[in-house]
Amino acid sequence: MRMILRFSSTLLLLLPLACSAAPEETYKLNQHYKRALTPVAPADAKRIEVKEAFWYGCPHCFHFDPYVEKWLKAKPADVDFARVPASLGRPVGELHSKMFYTAQTLGVFDLIHKPLFVAMHEKNQPMDTPAALRDFFVANAGLSAKEFDGTFNSFVVDTQLRRAEDELRSYGLSSVPMVIVGGTYLTGPSLAGGQEKVFKIVDFLAEKVRKERR
Numbered sequence: 053m054r055m056i057l058r059f060s061s062t063l064l065l066l067l068p069l070a071c072s073a074a075p076e077e078t079y080k081l082n083q084h085y086k087r088a089l090t091p092v093a094p095a096d097a098k099r100i101e102v103k104e105a106f107w108y109g110c111p112h113c114f115h116f117d118p119y120v121e122k123w124l125k126a127k128p129a130d131v132d133f134a135r136v137p138a139s140l141g142r143p144v145g146e147l148h149s150k151m152f153y154t155a156q157t158l159g160v161f162d163l164i165h166k167p168l169f170v171a172m173h174e175k176n177q178p179m180d181t182p183a184a185l186r187d188f189f190v191a192n193a194g195l196s197a198k199e200f201d202g203t204f205n206s207f208v209v210d211t212q213l214r215r216a217e218d219e220l221r222s223y224g225l226s227s228v229p230m231v232i233v234g235g236t237y238l239t240g241p242s243l244a245g246g247q248e249k250v251f252k253i254v255d256f257l258a259e260k261v262r263k264e265r266r
């Protein structure tokens with residue numbers, strides 16, 4: 053009887069250990085993420101902005117896009133998301149950034165974004181001239197070449213492009229894809245150890261920003 057009771061007591065002591073949750077995974081500064089060179093203060097301290105810096109010509113960005121879309125379906129309620137095109141100092145990159153803002157301004161972003169990636173990386177269409185982008189836009193957005201030209205070459209689009217370039221430079225961004233969390237922290241596939249791991253770190257950083265703002 054004593055042996056049974058002693059065994060039962062030992063088992064009860066072990067149960068909390070067996071059922072306890074695994075320790076939360078910890079990510080380290082300058083290993084899994086880094087601080088922005090010049091952090092940007094939030095417009096609303098109650099909201100956390102997550103931004104993806106990308107370039108349409110980047111194959112890594114093309115393959116990363118499905119992970120972005122998957123995360124967007126379950127992102128926290130207090131998180132706002134925005135894409136920011138990066139030219140990486142390349143003239144063709146500027147053309148692609150102007151295409152992005154043209155599509156956004158004319159309200160046809162969903163008709164352009166994924167098809168443009170597919171055209172470049174699956175169909176091997178270069179999309180490296182304004183004429184090629186115009187033809188693609190007309191074929192996919194259902195709008196006229198005149199509407200494209202008027203917006204693509206507008207002051208509004210040029211201003212958005214310059215503002216985005218200045219913002220990305222302030223973060224110290226030099227490669228894409230990269231995700232900026234709360235205007236303060238950066239991570240991406242090269243830091244995370246793979247594209248599939250990025251948004252685990254993004255969620256970790258979002259919680260870090262929440263705690264720091266408290």
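Letter by letter, the sequence shown follows residues 53 to 266 of the numbering used here.
All residues carry an ideal CB built from backbone N, CA and C; glycine is no exception.
Values in this document were obtained by computation on a predicted structure and should not be read as measured data.
Item	Value
Between the segment 224–235 and the segment 95–114, do three or more beta carbon pairs fall short of 8 angstroms?	yes
I'd like the list of long-range same chain contacts for Val92, defined as Cβ closer than 6 angstroms, with 5 residues on each side in sequence excluded.	Gly235
Hey, is the segment 196–216 in contact with the segment 176–186, meaning 3+ C-beta pairs nearer than 8 angstroms?	yes
Count the other CB atoms, across all protein chains shown, that sit within 10 Å of the CB of Ala73; report buried if there are 16 or more and exposed otherwise.	Confidence at Ala73 is low in this model, with a pLDDT of 35, below 50, so its placement is unreliable and the value that follows should be read with caution. Ala73 comes out exposed.
Rounded to whole angstroms, how far is the Cβ of Leu257 from the Cβ of Lys86, which I believe are closer than 8 angstroms?	Going by Cβ atoms, the distance from Leu257 to Lys86 rounds to 11 angstroms, so no, they are not a contact pair.
Can you check which of these residues, Arg221, Leu168, Lys122, is closest to Glu248 by C-alpha distance?	Lys122
Considering only DSSP beta bridges, list what Glu101 is partnered with.	Asp132
Secondary structure at Leu220, three-state DSSP: helix, strand or coil?	helix
Specify the secondary structure class of Ile56 as computed by DSSP and reduced to three states.	Since pLDDT at Ile56 reaches only 41, below the 50 mark, its modelled position is unreliable, and the value read off the structure follows with that caveat. Ile56: helix per DSSP, three-state reduction.
Using 8 angstroms as the cut-off, can you tell me whether the segment 213–220 makes contact with the segment 137–146, which would need three or more C-beta pairs spanning the two stretches below that distance?	yes
Among the candidates Cys113, Leu168, Leu243, Lys98, whose CA atom is the shortest distance from the CA of Phe189?	Leu168
Assuming Lys125 and Phe133 are in contact, meaning their beta carbons sit under 8 angstroms apart, how far apart are those beta carbons, in whole angstroms?	At roughly 11 angstroms, the Cβ-Cβ gap does not stay under 8 angstroms, so Lys125 and Phe133 are not in contact.
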